[in-house]
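Here is the structure we will look at, set down as structure tokens.
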Amino acid sequence: MAADRAAHIRAMILLNATCLLWAGNLLFGRMLRESIGPLFIVAVRTIVGSLVFAAVIWFFGRRDLYRRINDWPAVLGMGLCGVILFQVLFYYGLRYTTVFNASIINSFIPMATALLALIFFAEKLRWNQWLAVLATMVGIGWIMGKGSVEALLALRFNIGDWLILGAVFSWAIYSMLGKRLMGQLTAMEVTALGMMVALLPVLPLAVWESVAITPRIDSFVVLALAFICIGPTILCLFWWNRGVQLIGPAHASIYMNLIPIYAGVMSYFFLGEPLRHYHLVGGALVVGASFYVGLSAIRRGQP
Numbered sequence: 041m042a043a044d045r046a047a048h049i050r051a052m053i054l055l056n057a058t059c060l061l062w063a064g065n066l067l068f069g070r071m072l073r074e075s076i077g078p079l080f081i082v083a084v085r086t087i088v089g090s091l092v093f094a095a096v097i098w099f100f101g102r103r104d105l106y107r108r109i110n111d112w113p114a115v116l117g118m119g120l121c122g123v124i125l126f127q128v129l130f131y132y133g134l135r136y137t138t139v140f141n142a143s144i145i146n147s148f149i150p151m152a153t154a155l156l157a158l159i160f161f162a163e164k165l166r167w168n169q170w171l172a173v174l175a176t177m178v179g180i181g182w183i184m185g186k187g188s189v190e191a192l193l194a195l196r197f198n199i200g201d202w203l204i205l206g207a208v209f210s211w212a213i214y215s216m217l218g219k220r221l222m223g224q225l226t227a228m229e230v231t232a233l234g235m236m237v238a239l240l241p242v243l244p245l246a247v248w249e250s251v252a253i254t255p256r257i258d259s260f261v262v263l264a265l266a267f268i269c270i271g272p273t274i275l276c277l278f279w280w281n282r283g284v285q286l287i288g289p290a291h292a293s294i295y296m297n298l299i300p301i302y303a304g305v306m307s308y309f310f311l312g313e314p315l316r317h318y319h320l321v322g323g324a325l326v327v328g329a330s331f332y333v334g335l336s337a338i339r340r341g342q343p
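Numbering (my numbering), first residue to last: 41 to 343.
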């Protein structure tokens, strides 16, 4: 009993720290929009992440990584969807929408993954999962429509919200491709491969973007990029995987709902972004639905 309690306390600390850093990624992604382009951020994250993960695998993992892969299309798809497309849509979306909006829409990832699994793999959803999907979609629509049914029906949404929603589905595809590879590789190896295969195409794309969005590098940009590379890119992966190992993915996934809370507080104090009534209503629906699904999985005895 004492060991379980200690494990839950360690997991709570690690997962809270992870969600705080991920919320910080939203904050800095928004703050950097006037200085550097999204592809510049993606390129820096990919370079640093590839070097770190390659070193970890070289010194602590199995060096025969490439010889154990028999599904290269899945690996290439992961690099395209999870590393390039997700991040590009995500950081471009942050140029046009608020940090809180992005964090709430980002909470749709588990539901988006479940919907794509239903469409492509015929994985059935339980009635309570369908209810959670409906609540999540209503919540996101309420935020994107700014609490206006007329705006919702007329589809007058912020382009940034749509870009973040596109990033969500891109990450859902990445997650499904990663699941296909988990039988052959560890989570660390899958993540490292996704970054490594994205490295080659993302560099020329960043150079191309710099023609339209000239990077303005100063001390703040350097510190912000250092935070993004060290925190959300590297530390979060290790801490999240350790938290999942301690209490299981279903329980750990509930902590993801802390990201909108952390992001909302950060954006209010550091960016002066207002929190409107439609943020609170829509956010409550999305976060509540995710909590419900996570707790239901724990009650069913899923890990």
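All C-beta atoms in this analysis are idealised placements derived from N, C-alpha and C, irrespective of residue type, glycine included. Note that the coordinates shown come from a computational prediction; the quantities given were computed from them, not determined experimentally.
Quick one: residues in its chain with C-beta nearer than 8 Å to the C-beta of residue i, no 5 flanking neighbours on either side, listed in chain order?
| i | result |
| --- | --- |
| Ile-253 | Ile-76, Gly-77 and Phe-80 |
| Arg-108 | Arg-102, Gln-224 and Leu-225 |
| Met-118 | Tyr-214, Leu-217, Gly-218, Leu-221, Val-230, Leu-233, Gly-234 and Val-237 |
| Cys-276 | Thr-58, Leu-61 and Trp-62 |
| Ile-97 | Arg-103, Leu-105, Met-228, Glu-229 and Ala-232 |
| Leu-315 | Phe-140, Gly-304 and Tyr-308 |
| Ala-94 | Ala-232 and Met-236 |
If distances are taken between C-alpha atoms only, which option among the options comes closest to residue i?
| i | options | result |
| --- | --- | --- |
| Pro-113 | Ala-57, Thr-86, Arg-220 and Thr-138 | Arg-220 |
| Leu-120 | Leu-320, Val-237 and Ala-303 | Val-237 |
| Val-346 | Val-321, Val-88, Arg-73 and Asn-198 | The chain is shown from 41 up to 343; residue 346 falls before or after that span and cannot be answered. |
| Ala-157 | Val-284, Asn-297, Leu-217 and Val-92 | Leu-217 |
| Val-139 | Ser-90, Leu-240, Val-327 and Pro-300 | Pro-300 |
| Thr-153 | Asp-111, Ile-183, Gly-283 and Ala-207 | Ala-207 |
| Phe-310 | Gly-64, Gly-133 and Glu-249 | Gly-64 |
| Glu-74 | Tyr-214, Asp-104 and Ile-257 | Ile-257 |
| Gln-127 | Asp-111, Val-115, Asn-146 and Asn-110 | Asn-146 |
| Leu-134 | Leu-320, Val-251, Ala-303 and Gly-322 | Ala-303 |
| Pro-241 | Leu-116, Gly-283 and Val-251 | Leu-116 |
| Trp-280 | Asn-56, Phe-93 and Leu-203 | Asn-56 |
| Ser-210 | Tyr-136, Leu-125, Ser-143 and Ile-53 | Leu-125 |
| Asn-297 | Leu-129, Ala-142, Ala-46 and Asp-111 | Ala-142 |
Count the other C-beta atoms from every protein chain shown that fall within 10 angstroms of the C-beta of residue i, then say buried if there are 16 or more, exposed otherwise.
| i | result |
| --- | --- |
| Leu-70 | With the sequence shown as reference, residue 70 is identified as Arg, and Leu is not the correct amino acid for it. With 16 or more Cβ atoms within 10 Å of its Cβ, Arg-70 is classed as buried. |
| Gly-312 | exposed |
| Val-82 | buried |
| Trp-182 | buried |
| Ile-159 | exposed |
| Ile-149 | buried |
| Trp-248 | exposed |
| Asp-201 | buried |
| Ser-90 | buried |
| Val-251 | exposed |
I'd like the list of long-range same chain contacts for residue i, defined as Cβ closer than 7 Å, with 5 residues on each side in sequence excluded.
| i | result |
| --- | --- |
| Leu-243 | Ala-83 |
| Tyr-318 | Trp-182, Ile-183, Lys-186 and Gly-187 |
| Val-178 | Leu-325 |
| Ser-307 | Leu-67, Thr-138, Val-139, Phe-140 and Glu-313 |
| His-48 | Ile-287 |
Residues in the same chain with beta-carbon distance under 6 Å from residue i, minus the five sequence neighbours each way, listed in chain order, please.
| i | result |
| --- | --- |
| Ala-175 | Leu-325 and Ala-329 |
| Ala-51 | Gly-283, Leu-286 and Ile-287 |
| Ile-144 | Ile-183, Pro-300, Gly-323 and Val-326 |
(message) Give the list of continuous alpha helix (DSSP H) stretches no shorter than 4 residues that lie fully inside the region 251–293.
(response) Within the region 251–293, the complete alpha helix (DSSP H) runs of at least 4 residues are 259–268 and 276–287.
(message) Report the start-end ranges of each alpha helix (DSSP H) in the region 129–154 that is 4 residues or longer and not cut off at the edges.
(response) Along the length of the region 129–154, whole alpha helix (DSSP H) runs at least 4 residues long occupy 139–146, reported in chain order.
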